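Chains as they are written, first to last, in this note's numbering: chain A, 99 to 730; chain B, 166 to 265; chain C, 864 to 1337. Step one of this worksheet: look at the structure below.
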Amino acid sequence: MSVLPLWLYPLFPLLGFAVLILGGRFLRGTTAGWIASGAVLASFVVAALNYLNLGAPRHDVLWSWLPGVAAEGRNLSVGFYLDQLSAVMTLVVTGVGFLIHVFSIEYMRTDPRFARFFAFLNFFVSLMLILVLADSYPLMFVGWEGVGLASYLLIGFWFAGHHDHGAVDGVNNSNAARKAFIMNRVGDLGFMLGMFLMFQAFGTLVIPQLFEGGAELQAGRATFELICLFLLVGAVGKSAQLPLTTWLPDAMAGPTPVSALIHAATMVTAGVYLVARSHPLFEQAPAASTWVAVIGALTALYGAISALNQYDIKKILAFSTVSQLGYMFLAVGLGAYTAGIFHLVTHAFFKALLFLAAGSVIHALSEEQDVRRMGGLARKLPLTHAVSLIGVLAISGIPIFAGFFSKDAILAGAYEAQPILWGVGLLVALLTAFYMGRWYFLVFRGQYRGSAHPHEGGPLFAVPLVTLAVLSVVGGFIGLPHFLGFTNRLEGYLGRVLPVEETTLTVGAEWALTLAAVAVGVIGLGVAYLRHRAGTLADGPLRNASLRALYLDDLYDGAVGRPSRALGAAFDAMDRGVDGAVVGTAEVLAEPSGRAASFWESGYVRTYAVSMLLGTAAVMLYWAFRALGGHS
Amino acid sequence: MVGTEWYIALSGVLFAIGMIGVMTRRTAVLIFLSVELMLNAANLALVAFARAWGDLTAQTAVFIVMTLAAAEVAIGLAIIVTIFRKRASTNVDDLAELKG
Amino acid sequence: MNALQHVFIFLPLVASLVVGLLPRSQRAWPALLAGAATLGIGLLIWAGGGADLVSVPWVRTLGITYSVELGGVSLLLALVTAFMTLVVLVYTLRAVENPGTMLAYVLAMETGLLGIFASRDLVLFYVFFEDALIPALLMLATYGGARRMPALVKFGAYTLFGSLLMLISIIGVKLIGGSPTFALADLLQHRVTGAAGTWLFLGFLAAMAVKLPLFPLHAWLPDFHEQNHPSGVADAMGTLYKVGGYGLFAFAIPLFPQAAEALRPLLMTLAAFTALYGAWVAFAQTDWKRLLAYAGLSHMGLVGLGIFSLQPIAVTGGLYLLAFQNVYTGALFLAVGMLWQRVGSTDVRHGGVMTQAPALAGLTMSLWFASIAVPGLAGFVGEFSVLLGAYQVAPWIAFLGGLSTIAAAAYALTAYQRTFWQVRPEGSTRVLDLRGAEWAVLAVPLAAAILFGVYSQPALNLIQPFVRSLGGGA
């Protein structure tokens, strides 16, 4: 069977979006949710079929679009490109996307804007597919900003506040959405500049033209470094890395399925995808690649520290996402592209699972999100508890769960390249295990501290949760490590488009690294358990510094937000000033002539009479002189 | 017979008196009288020339000026009366609203 | 086709006079008919591949000709003008009390604008240029707000001052270059170079910088928009009147390529600064119309950046942006008008309008996204090409202009959320959603913005041969 046309991927969700946005008001009950889920499922089927049938990369060109940025000055076309990397990405996007759509049908059932919500979700999936399938950087940018737009719409979905939380809630949600969009735009400018420089250096922005056929790209080292740094700025914005990280925790203002889909599983990993997609450039730019790794490590640490003492069930997960994205950046920055993508995939499984489990808890507790008012839910929500436990074990890197293999691959790669970064990674793993343990024990163990009446959700909750839980358990087996004598299937598949580095570590060293990673995971969970028993878990380490995410938001508001607003106001004042200056200049110029004229026009009859007399006299003098001059 | 130049001289003197009156007087009525004086100086000059050249065209011009002057007196005095009613004054220096 | 273009240009003016003469109750349909017919004729011309140059002497002794041609960029801009004029006419009937006079003004202005784009004679261009000003002034004078007279004087003074310098330059071009007529084709045969050329270029620039507008000659713009009739009808037409970019591209740069080249760094910097400055000032605005005015200023800065850079991609992008910003900026002005009709002011601080009028809010939001150049909408094609092309010439200036994309997101979303998101204050009037023709007034321009955001070939077909024929200007 041949590969299906690539435009089918985004078409289904886009049609779903069109139907729901135009006809949403005529749909009753949960119809809209099923339409949207069906559209994503159709895309998933296409993605799965193409995944199985894909041999050589496939390139479909549609219609022309941007002036003059393809090779030889031709107009750039809209086109799609499917290789092994994008095939894996499409599977994750549509697969996890479908499960989250199904979950949302139950979760959003009572919302008055049910159809609108699914329209936006479909819009997001469609644009995300365009992002990963784009055959050129500008088209990728369409998806890139498009998913940002979808994210904006969904973070701000409850723009007027949710339930009875009222006006403040509305303002906060709106601000969170706006912040996400603007910070993404900062990154997007970097992405654009990267494209501009790439065009200057290579004369085209079409990905197959750039990278295919083994042709070596010709440019100076500095050019490569600069292009990659620009692209890094873009990736940092989208993936919420330092220093553009603060929008992601705020983005939790959106409905929980949105957090699971956009702000954990798919959109925020686009930065990792961008770096992996541009690997021929990054391979020529060692300094920029190191920057990717360093930023990744720092962000991983930052996210982990900030997650230690959060009280919001979703914010802990959000900072955890920031931290895990840092891991992925660390991997791709060190050239371990397959390990980065591997962690991207497993993270999509267990983080979507954790978010949906959190959604289930929030749903059960009637919108309660503070972990201090939870506890003891293991008995009341057995299914949610079971899948959450799997998720926690997976993210903590406990063996056989998915996170163990992918995290291990990254840490091994880091140790090989730069032991300091490995040390940071290990510390982050420890912190991760602790705060996830804290999350788990506060929510599910001990005594219930709230006042709601928890109840498990229906089958539409159960199916996605169980599916993701199974994937979180077995998902790691696609990338089993070599040193245990397995073949790494993911590496074999992605190895056709991504470079695979042969490890130089001995089997003994690999064992040691693995044991160290597992040990810190167990220690982290163990410390959480001990403090749980001691009853001191609610107040995590570092108190306010952690709770306020190391004061980064305050720093930005002071260093950027306020000066910008002040400058805007100053410019406005100045503008009225410029106006005044121009008018003033005109007045100054007009003044002398005007004064002369107004002296003449005194309003006194006698002066007018004198003028007449003088005029007459002048005329008569003229004629007199002419007569005397002898002309007559 | 008195020579034409004498008429012209008288006309010039009358015109000058009228001119000075217009420029120095502040009462609207007196300025008005001075203007009349200037008009009649011009009339005198026209009549004198008409006789000197034996051409009646200038005489017709004089008739037109006289009728115009009559009309002007009627309207002008009416304006002055109205101004006086409004302002209780006919001093033209008080009427400088049109200055630029 | 060639005869049709004269009908195309003058039909609106004739219709305007007819509408003015008709009794009040019967003005609506003739005006709409004329607007639709004009657009139809324009599309016919487009389908026929454009209209060729027609040149007949007009004032023989002075060398003034009536030369018109509708092809390429001119045709694109003329079509957009005819399209938006029709949209504006439809909305005028809904939003303006006693719309007859306004309809006449709008139609009269359309002829001026179409003439600007069609003329291939400098004096004819000047005539149309000033001709379009009169209805614009009359709209402001007849329908403007309380402080309209200062705005009117300012608008008139800026424009006329610039035009005066342009007129002097026009005369200078012919005199110094020694061309027999003012027709563009003749003048191009007799180019003025050297110092004189630079001075004449600056003369053109003065007029175009006012009409582009370019910092610091933009001060008339916010007042003009703020004081115009709140329905946004006049503002949408005013947006169409921002023809400075076209004038530079079609006349000033071909006539004075060396001067344009020499002044390129300066002008690009100025344009990029205008883009950033406009966006930043927009951030501080609390009135939708002032905000839109500055947003337009920011776009025009990018248009200028593209055209001044003399780089083919950037010039193409600049013209693309110039053409299509009319569509979404114009529609946004009309959307502000709709908001004003419902809540009684154009202030941004209302809150929660979307909870009561989702269609109005949704369409407005989509148009805003087109305006801040979200990819997939028409604004992006232009802005991306401008910045990409400008980067090839001067990276730092492109970066400066690129910063405006961030600022644009900030001002647009901030104002949007204050009006449409958040919570509707208690006790405020209930906002009704869109009805009937209002849907079309917003949705049709949005559809155009989407269409030309994803499928730009028809427009590029009109722009690119022209840009190439200039050899990229440089």
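Here a beta-carbon is modelled for each residue, glycine too, at the ideal position from N, C-alpha and C. Remember, it's a predicted structure, so these values are computed and weren't measured experimentally.
Contact with chain A by C:Q1090, beta-carbon distance below 8 Å: No, no contact with chain A.
Members of the region 1260-1287 of chain C near chain A, C-beta cut-off 9 Å: Residues of the region 1260-1287 of chain C whose Cβ lies closer than 9 Å to any Cβ of chain A, in chain order: A1261, F1262, G1265, L1266, T1268, I1269, A1270, A1271, A1272, A1273, Y1274, L1276, T1277, Y1279, Q1280, R1281, F1283, W1284, Q1285, V1286 and R1287.
Short CB-CB distance (under 8 Å) between B:V167 and chain A: The beta carbon of B:V167 does not come within 8 Å of any beta carbon belonging to chain A, so the residue lies off that interface.
Inside the region 397-474 of chain A only - alpha helix (DSSP H) runs reaching at least 4 residues: As far as the region 397-474 of chain A is concerned, its whole alpha helix (DSSP H) runs of at least 4 residues are 411-431 and 435-462.
For A:M534 and A:I493, believed in contact at Cβ under 8 Å, the rounded distance: Confirmed, Cβ separation roughly 5 Å.
Beta-carbon proximity check, C:I1313 vs C:A1271, cutoff 8 Å: No, these two residues do not count as a Cβ contact at 8 Å.
A:Y546, DSSP secondary structure in three states: Residue state, collapsed to three classes: coil.
Proximal residues of chain B, C-beta to C-beta of A:V708 below 8 Å: Listed along chain B are M188, each with a C-beta nearer than 8 Å to that of A:V708.
beta-carbon A:F417 near the ligand MN non-hydrogen atom, thresh 7 Å: Looking at this structure, you won't find the ligand MN or any other ligand, since it has none at all.
Backbone CA spacing between A:G624 and A:F532 [nearest angstrom]: About 8 Å.
CB contact check: A:W105 to chain C, cutoff 8 Å: By this cut-off, A:W105 is not an interface position.
Minimum C-alpha distance to C:S1094 - residue among C:Q1148, C:P1321 and C:M965: Checking every option, the nearest Cα to that of C:S1094 belongs to C:M965.
Option in C:L1297, C:S1291, C:L1263 and C:Y1183 with minimal Cα separation from C:F1315: Nearest option by C-alpha distance: C:Y1183.
Beta-carbon proximity list for C:T1005, same chain, < 7 Å, skipping 5 on both sides: Taking C-beta separations shorter than 7 Å and ignoring five residues to either side along the sequence, the partners of C:T1005 in its chain run T964, following chain order.
Beta carbon proximity, B:E262 to chain A, threshold 8 Å: Chain A, which has a Cβ nearer than 8 Å to the Cβ of B:E262, makes this yes.
Cβ-based burial, C:F1171 [other Cβ within 10 Å; buried from 16]: With 16 or more Cβ atoms within 10 Å of its Cβ, C:F1171 is classed as buried.
CB contact check: A:G244 to chain C, cutoff 8 Å: So yes, A:G244 belongs to the interface.
Three-state secondary structure assigned by DSSP to C:L1030: In the three-state DSSP reduction, C:L1030 falls in the helix class (H, G or I).
Cβ distance (whole Å) where A:L428 is taken to contact A:L519 below 8 Å: Confirmed, about 6 Å.
Whole-angstrom distance between A:G511 and A:G606, CA atom to CA atom: Rounded to the nearest angstrom, the two C-alpha atoms are 15 Å apart.
Supposed close pair A:I325, A:L287 - CB separation, criterion 8 Å: In fact, because the Cβ distance is near 14 Å, the residues do not count as touching under 8 Å.
Contact residues within the region 661-672 of chain A, judged by C-beta distance below 7 Å to chain C: The region 661-672 of chain A vs chain C, Cβ under 7 Å: L665, G666, A667, F669 and D670.
CB contact below 8 Å: A:G727 versus chain C: Output row for A:G727: interface = no.
Inter-residue Cα distance where the pair is C:V969 and C:P962: So the two alpha carbons sit approximately 10 Å from each other.
Exposure label - C:G1057; buried when at least 16 CB within 10 Å: C:G1057 sits exposed, since fewer than 16 C-beta atoms from the chains shown fall within 10 Å of its C-beta.
Nearest neighbour of A:F380, chosen from A:A137, A:L712, A:A722 and A:Y435 [CA to CA]: Per the Cα distances, A:Y435.
Contacts around C:A1337, its chain only, beta-carbon distance under 8 Å, and the 5 residues preceding and following it disregarded: Its pLDDT being 35, under 50, C:A1337 is placed unreliably in this model, and the value from its coordinates should be taken loosely. Short of 8 Å from the beta carbon of C:A1337, and not among the five residues preceding or following it, lie these beta carbons of its own chain, in chain order: P1120, E1124, L1173 and Q1174.
Rounded separation between C:V931 and C:V881 - CA only: Answer to the nearest angstrom: the Cα atoms are 24 Å apart.
Among A:A402, A:V186 and A:M350, the one whose alpha carbon lies nearest that of A:F453: Nearest Cα to A:F453 within the set A:A402, A:V186 and A:M350: A:M350.
Own chain, CB closer than 6 Å to C:V1216, minus 5 neighbours either side, in chain order: Around C:V1216: A1224, T1282, F1283 and V1294.
Identity of the residue in B:M203, B:G177, B:L242 and B:V178 nearest B:A193 by Cα: Closest option to B:A193, Cα to Cα, is B:L242.
Nearest-angstrom Cβ-Cβ length linking B:L204 and B:A234, presumed shorter than 8 Å: Contact check for B:L204 and B:A234: beta-carbon distance about 5 Å, within the 8 Å limit, so the pair qualifies.
Within-8 Å CB hit, A:G292 to chain C: For A:G292, the answer is no, since every Cβ of chain C falls outside 8 Å of its Cβ.
Where C:L1240 sits in the DSSP three-state scheme: Note: C:L1240 maps to coil in three-state DSSP.
Any C-beta of chain B under 8 Å from that of A:G701: Closer than 8 Å to some Cβ of chain B, the Cβ of A:G701 qualifies, so yes.
Min CB distance C:E1320 to chain A below 8 Å: Note on identity: in this sequence residue 1320 of chain C is Gln, with Glu being the wrong assignment. At a cut-off of 8 Å, the C-beta of C:Q1320 has a neighbouring C-beta in chain A.
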